[in-house]
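Chemist:
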Amino acid sequence: MRSHLAARAGGLLALGAASLVAQNNIPGNQPFPAHKIIANIYYVGADDITAYLITTRAGHIVINAGYAETVPIIDAGIRKLGFKPKDVKILLNGQAHYDHVAGMAALQTLTGGKVYSSERDAPVLESGGVKDPRWGKEQTYPPVKVDHILQDGEKINLGGVTLTTRLTPGHSLGCTTFTTTVMDHGKPLEVVFVGGTSINPGIRLFDKPTWPGIADDFQKGFDVLKGLKCDVFLGAHGNYYGMKEKYARLSGRVNPYIDPEGYKKFVQSSEAVFHAQLAKEMEPFRTPPTFPEGVKKQ
Ligand SMILES: [Zn+2]
């Protein structure tokens, strides 16, 4: 009897684990330990799809929602760190792409926080992705009501913590980077949450551009990112800044998330990829050099 019950319990456990895995087999969206990054900034995202908790004495801020399937990971992470999801007052996102905002409606329900968005990403969020110039056409996630539109340079103040909004368009129409200053061992450090810099498959920069002015948008975004001082480098995907590898080094003497050089290299190499793709797209449209009558081509 005992062994029968034990076997049944084991079977049920195995079934439970299997169904959990089946619910979330999305690459980059596997559970990852929630942890303190630095000062009042915590990691509550998945193994690549990021979400950050910024705590204040008047409630908290979460940056990025991930997929709908990321929200249980965020929920568990906030609780594991000893905070309450219902204390989250403001929900931000770096880019209105499916993998970062499909869970925003669920995160809004879970926390009761207000959703802030840049002006150009707001219609995408509110349409559940229909208004996305690249991925749109049909609704791919639950529409999100945007409570507040963020302007470039706008300061978000909560409980003595200030985040600055910087529009870094290109990766998405209204791609947004947030910055804040934390004190670490008595020293101020600049934290940058990069919204996104890559050029997704199918995006066109020059001929039949995905949206008018997309190349100028990308360049503006890179100019802003190049102008930021960054000590602590974070972003929409863990792979932007080597999150897993840095997490593994967290117990060392130096906080691995302090990485100004990594930030510079990331921005530089992302901009180089952008310039290379733009040059490639422009190549067929270049007029070949012409030579005056009678002059022989050397
Ligand atoms: Zn994206």
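Quick note: to get the working numbering, add 1 to the position in the sequence shown (first position is 1). In this text, a Cβ means the ideal position worked out from N, Cα and C, and glycines have one as well. Given the structure is predicted, the values throughout are model-derived calculations rather than measurements.
So the beta strand (DSSP E) P189 belongs to, where does it begin and stop?
Modeler: Here residue 189 corresponds to residue number 188 of the sequence shown, with the count starting at 1. That run of the beta strand (DSSP E) goes 188 to 195.
Chemist: Short of 8 Å in beta carbon distance, which residues of its chain neighbour G95, apart from the five on each side in sequence? Order them along the chain.
Modeler: Looking up residue 95 in the sequence shown gives position 94. Closer than 8 Å at the Cβ level, and outside the excluded window around G95, lie I64, N65, H101, C176, T177, T178, F179, F194, V195, G196, G197, G236, A237.
Chemist: Looking only at its chain, what residues have a beta carbon closer than 6 Å to the beta carbon of N25, apart from the 5 residues adjacent to it on each side?
Modeler: Translated into positions along the sequence shown, residue 25 becomes position 24. Taken in chain order, the residues that qualify are E70.
Chemist: What did DSSP end up calling S199 once you bin it into helix, strand or coil?
Modeler: Sequence index remark: in the sequence shown, residue 199 carries index 198 (1-based). DSSP places S199 in coil when its eight states are reduced to three.
Chemist: On the DSSP bridge list, what partners appear for L54?
Modeler: Position 53 of the sequence shown, counted from the start, is the residue given in the question as residue 54. According to DSSP, L54 bridges with Y43, V63.
Chemist: Whose CA, out of H172, V131, T181, lies closest to the CA of E272?
Modeler: For the purposes of this step, residue 272 is taken as residue 271 along the sequence shown, with counting starting at 1. Comparing Cα-Cα distances from E272 to each of H172, V131, T181, the minimum goes to H172.
Chemist: Anything with a beta carbon under 7 Å from a heavy atom of ligand 1 counts; list them all in chain order.
Modeler: Q96, H98, D100, H101, H172, S173, G197, N201, A237
Chemist: Would you kindly check if the distance between the Cβ of I62 and the Cβ of I91 is under 8 Å?
Modeler: As a first step, residue 91 must be located in the sequence shown, where it is residue number 90. As a first step, residue 62 must be located in the sequence shown, where it is residue number 61. Yes, Cβ-Cβ distance for I91 and I62 is below 8 Å.
Chemist: Can you give me the start and stop residues for the beta strand (DSSP E) that N158 sits inside?
Modeler: On the sequence shown, residue 158 is found 157 positions in, with the first residue counted as 1. From DSSP, the beta strand (DSSP E) with N158 extends over 156 to 159.
Chemist: Around the C-beta of M184, are 16 or more other C-beta atoms found within 10 angstroms, so that it is buried, or is it exposed?
Modeler: The residue labelled residue 184 in the question sits at position 183 within the sequence shown. Classification for M184: exposed.
Chemist: With a CB to CB cut of under 8 Å and the five nearest residues on each side skipped, what residues in its chain are close to V45?
Modeler: Walking along the sequence shown from the start, residue 45 turns up at place 44. Closer than 8 Å at Cβ, skipping near neighbours: A35, A52, Y53, L54, V63, I74, I75, G78, I79, L82.
Chemist: Just confirm the distance between the C-beta atoms of V233 and I50, as a whole number of angstroms; I'd bet it's less than 8 Å.
Modeler: If you number the sequence shown from 1, residue 233 lands on position 232. If you number the sequence shown from 1, residue 50 lands on position 49. Rounded, the Cβ-Cβ distance is 19 Å, inconsistent with contact.
Chemist: My guess is that V247 and P257 are in contact by the Cβ rule of under 8 Å, so how many angstroms apart are they, rounded?
Modeler: Here residue 247 is taken as the residue at index 246 of the sequence shown, counted from 1. Here residue 257 is taken as the residue at index 256 of the sequence shown, counted from 1. The question names Val, yet the displayed sequence has Lys at residue 247. Indeed they touch by this definition, with Cβ atoms about 4 Å apart.
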